[in-house]
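See below for the structure under consideration.
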Amino acid sequence: MPIIESSYKAKHIWKNPHFSTIYPSTLRKVEGVHYTRKRIELPDGDFLDLDWSKSTVPSKSLVIFTHGFLGNSTRPYILGAAKLFNQNHWDAVCWNHRGLSGENNRLERLTTHGDSQDLAYVVNHCLSVQQYTQISLVGYSKGGNISLKYAGEQGANIAQEIKSVVAISVPTDIQGSVNAMGAEGFYANRFKSKLHRFLQKRTELIAPKWFSLFEKYKTLDEFTGEYIAPLHGLKNAADYYDSCSAIHVVDQIRVPSLILNAANDPVLSESCAILDKAKQSDYLFSEYPAHGGHCGFYAPNQDGIYWGDYRTWEFVKDNHNR
């Protein structure tokens, strides 16, 4: 499809990539979303916690949210979109990646950047518990990559109930994203520190030898290459980035899918917007506004709902009756 000309126009300080990334992440407030938690057991003996926010009226439509790196269902970008979908009589569910629901999971393994199998468990569960006729997959950053990778791997065999995918601030080319951040750049260091703190809470799951090594790692690449990649059967950081990247399978997607990345996103490379692939596909829509930051896309509001939430809803609504 042609590249979408975005209607997003940032003003004043919101043109700054760092302000439009950090403010929404740390100071954005969304009220009015009330979750009910359900746990699903996985074939490998682990579990995933799903947080549901239902429409006030019975609904046959469901949005499945996949959060970003070391996030969870309480991140403001999830809450804002869930609130908007609920207002439009859709049920919403956000699945918390392994170990990120407020308690450790049972296994040492994690939900990786390419863990489409974990999303498959969630989709299959949602299809089994209620007769939803329309489902949309919406993912943010890492979660957007997982959602696109799942849709690409499913291809023409994707469940007929899944009508659309939206991926926001998505690192479809993870190596490109890593390069854009720089090995010791501000955001890479921020992610590294968050990962280190997360791993320090997993003493009952991780062999003691690792904790002294974690203290020595200076970059996110070292954590990924030395610990995360081998834990999941991959050779090194480069192998992890390559095998997890959705860019390799997006051309197999067979449902309308929106990729919404900002050109000034400090975490992503231009390659993550998959502009060339979108031009050659009947199903991929790439929207690449000049501003927006990473998971930002702010608009003046009184209810915590941002422009990115409205754009997500608009795309889903336009495709949900196909």
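Counting from 58, one number per residue, gives the positions in the sequence shown under my numbering.
Positions of the beta carbon are idealized from the N, C-alpha and C atoms, including for glycine.
Computed from a predicted structure; not experimentally measured.
{"Query": "Which residue wins for smallest C-alpha separation from G353, given the options Y65, P81, K68, H69?", "Result": "P81"}
{"Query": "Say whether the region 225 to 243 touches the region 252 to 267, bearing in mind that this needs 3 or more beta-carbon pairs closer than 8 Å, one atom from each stretch.", "Result": "no"}
{"Query": "Are the region 134 to 144 and the region 161 to 171 touching, with three or more C-beta to C-beta distances below 8 Å?", "Result": "no"}
{"Query": "With respect to the alpha helix (DSSP H) encompassing Q174, which residues constitute its N-terminal and C-terminal limits?", "Result": "173 to 186"}
{"Query": "Would a C-beta distance cut-off of 8 Å place V235 and F122 closer than the cut-off?", "Result": "no"}
{"Query": "For the beta strand (DSSP E) holding G239, just list the boundary residues, first then last.", "Result": "Counting along the chain, G239 falls outside any beta strand (DSSP E), and DSSP gives it neither H nor E."}
{"Query": "Identify, in the order they occur along the chain, each residue of the same chain with its Cβ nearer than 7 Å to the Cβ of K206, setting aside the five sequence neighbours on each side.", "Result": "G171, S173, A303, V306"}
{"Query": "Quick one: using the 10 Å Cβ neighbour count with 16 as the cut-off for buried, is H69 buried or exposed?", "Result": "exposed"}
{"Query": "Within its chain, find whatever has a CB closer than 8 Å to the CB of S314; leave out the 5 residues flanking it on each side and keep chain order.", "Result": "L205, A208, S221, V222, V223, A224, V307, Y340, L341, F342"}
{"Query": "If you draw a straight line from the alpha carbon of E272 to that of V373, how long is it in whole angstroms?", "Result": "44 Å"}
{"Query": "By alpha-carbon positions, which one of V180, K251, T78, V186 ends up nearest to Q217?", "Result": "V180"}
{"Query": "Let's see if you can read the secondary structure: which residues bound the beta strand (DSSP E) around W109?", "Result": "104 to 110"}
{"Query": "Do the region 242 to 249 and the region 269 to 285 touch if we need at least three Cβ pairs shorter than 8 Å?", "Result": "yes"}
{"Query": "Could you give the residue range of the beta strand (DSSP E) that holds L83?", "Result": "Sequence check: residue 83 is Thr here, not Leu. Segment 76 to 83 is the alpha helix (DSSP H) holding T83; no beta strand (DSSP E) there."}
{"Query": "Would you call N214 buried or exposed, if buried means 16 or more other Cβ atoms sit within 10 Å of its Cβ?", "Result": "exposed"}
{"Query": "Quick one, are the C-beta atoms of S300 and G233 less than 8 Å apart?", "Result": "no"}
{"Query": "By Cβ distance, which residues of its chain are closer than 6 Å to W71, with the 5 residues on each side in sequence left out?", "Result": "S77, Y355"}
{"Query": "Pull the bridge partners of Y197 from the DSSP assignment, please.", "Result": "I225"}
{"Query": "Take L431 and list the residues in its own chain whose beta-carbon comes closer than 7 Å to its own, dropping the five residues that flank it on each side.", "Result": "No answer is possible for residue 431: it lies beyond the span of the chain, which begins at 58 and ends at 379."}
{"Query": "Restricting to runs no shorter than 4 residues, where is the alpha helix (DSSP H) found entirely within the region 298 to 338?", "Result": "332 to 336"}
{"Query": "Among the candidates D322, R163, L119, whose CA atom is the shortest distance from the CA of L105?", "Result": "R163"}
{"Query": "Have a look at E160, S193, Q188, Q337 and flag the residue whose alpha-carbon is nearest the alpha-carbon of C151.", "Result": "S193"}
{"Query": "Just how far apart, CA to CA, sit K86 and G349?", "Result": "18 Å"}
{"Query": "If we call anything under 8 Å between Cβ atoms a contact, is N153 one with S130?", "Result": "yes"}
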